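K.L.:
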């Protein structure tokens with residue numbers, strides 16, 4: 127009889143535990159304010175870097191007014207060194223483009239020559255190429271040669287090329303579109 131009373135006394139407690147255990151569990155959400163702060167800071171640092179680089183590119187274009195630089199929607203500056211008014215085709219997705227190029231610092235010091243880099247042939251927008259080259263050739267017609275001022279995010283970004291090009295380095299490219307074959 128004593129065992130029966132002890133079970134009955136524990137019964138409400140057991141019933142309470144069972145009823146609480148049957149309610150759906152709500153997952154805890156992690157609160158990582160440090161990550162949000164870091165990401166917001168990173169975004170702001172990148173915006174500041176892009177603004178500084180754009181100012182630098184604009185200053186270089188002003189110093190070289192005789193070249194008549196044009197700004198592109200993608201954030202780079204360019205001018206034609208050799209024009210081809212007889213041709214009216216520009217590279218489109220899928221076209222086979224062949225070009226030569228060289229890379230220099232913004233001050234004009236040669237980093238990689240055309241001989242170092244060789245002739246490049248690729249399908250426009252269908253093969254992996256740094257954004258500077260991918261977007262730069264789209265403003266050239268076959269036979270044209272252009273001088274381009276690219277912000278670092280279009281070139282080799284924060285990593286550089288691990289050889290001659292440093293981290294976050296805006297660059298000057300000279301690109302000649304040798305030929306263009308339709309898709």
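Numbering (the numbering used here), first residue to last: 127 to 309.
Note that the Cβ used here is the ideal one computed from N, Cα and C, for glycine as well.
Note that this is a predicted model, so its numbers are computed, not measured.
How would you label residue 169, buried or exposed, when you count the other beta carbons within 10 angstroms and need 16 or more for buried?
P.N.:
By the neighbour-count rule (16 or more Cβ atoms within 10 Å), residue 169 is not buried but exposed.
K.L.:
Give the secondary structure of residue 166 by DSSP, where H, G and I count as helix, E and B as strand, and everything else as coil.
P.N.:
Residue state, collapsed to three classes: helix.
K.L.:
Taking residue 304 as the reference, give the member of 232, 226 and 192 with the closest Cα.
P.N.:
Of the candidates 232, 226 and 192, the one whose C-alpha sits nearest the C-alpha of residue 304 is 226.
K.L.:
At which residues does the alpha helix (DSSP H) containing residue 272 begin and terminate?
P.N.:
Premise fails: residue 272 lies in the beta strand (DSSP E), 271 to 276, not in any alpha helix (DSSP H).
K.L.:
Which residues in the same chain have their Cβ closer than 7 Å to the Cβ of residue 375, if we skip the five residues on either side of it in sequence?
P.N.:
Nothing about residue 375 can be reported from this structure: the residues present for the chain run from 127 to 309 only.
K.L.:
What does the Cβ neighbour count give for residue 301, buried or exposed, with the cut at 16 atoms within 10 Å?
P.N.:
Label assigned to residue 301: buried.
K.L.:
Across which residues does DSSP place residue 305 in a beta bridge pair?
P.N.:
Residue 305 pairs with 224.
K.L.:
So which of 269, 267, 197 and 236 has the shortest CA-CA distance to residue 291?
P.N.:
When each option's Cα is compared against that of residue 291, the closest is 236.
K.L.:
Any chance you could list the beta strand (DSSP E) runs of at least 3 consecutive residues sitting entirely within the stretch 206 to 264, in chain order?
P.N.:
Counting only runs of 3 or more, we get 222 to 230, 236 to 238 and 246 to 249.
K.L.:
Using only the alpha-carbon positions, how far apart do residue 289 and residue 269 sit?
P.N.:
Straight-line Cα distance between these residues: approximately 31 Å.
K.L.:
Where DSSP assigns a beta bridge to residue 299, which residues make up the other side?
P.N.:
Note: residue 299 sits in a beta bridge opposite 229 and 274.
K.L.:
Count the other CB atoms, across all protein chains shown, that sit within 10 Å of the CB of residue 194; report buried if there are 16 or more and exposed otherwise.
P.N.:
Classification for residue 194: exposed.
K.L.:
Are there three or more Cβ pairs, one per stretch, closer than 8 Å when the stretch 180 to 193 is compared with the stretch 257 to 266?
P.N.:
Segments in contact, no.
K.L.:
Tell me residue 284's beta-bridge partners as DSSP assigns them.
P.N.:
Looking at the DSSP assignment, residue 284 forms no beta bridge with any residue, so it has no partner.
K.L.:
Nearest by alpha-carbon distance to residue 345: which of 209, 174 and 228 is it?
P.N.:
Residue 345 lies beyond the residue range present for the chain, which begins at 127 and ends at 309; the question has no answer from this structure.
K.L.:
For residue 171, is the classification buried or exposed, using 16 other Cβ atoms within 10 angstroms of its Cβ as the cut-off for buried?
P.N.:
Its Cβ having fewer than 16 others within 10 Å, residue 171 is exposed.
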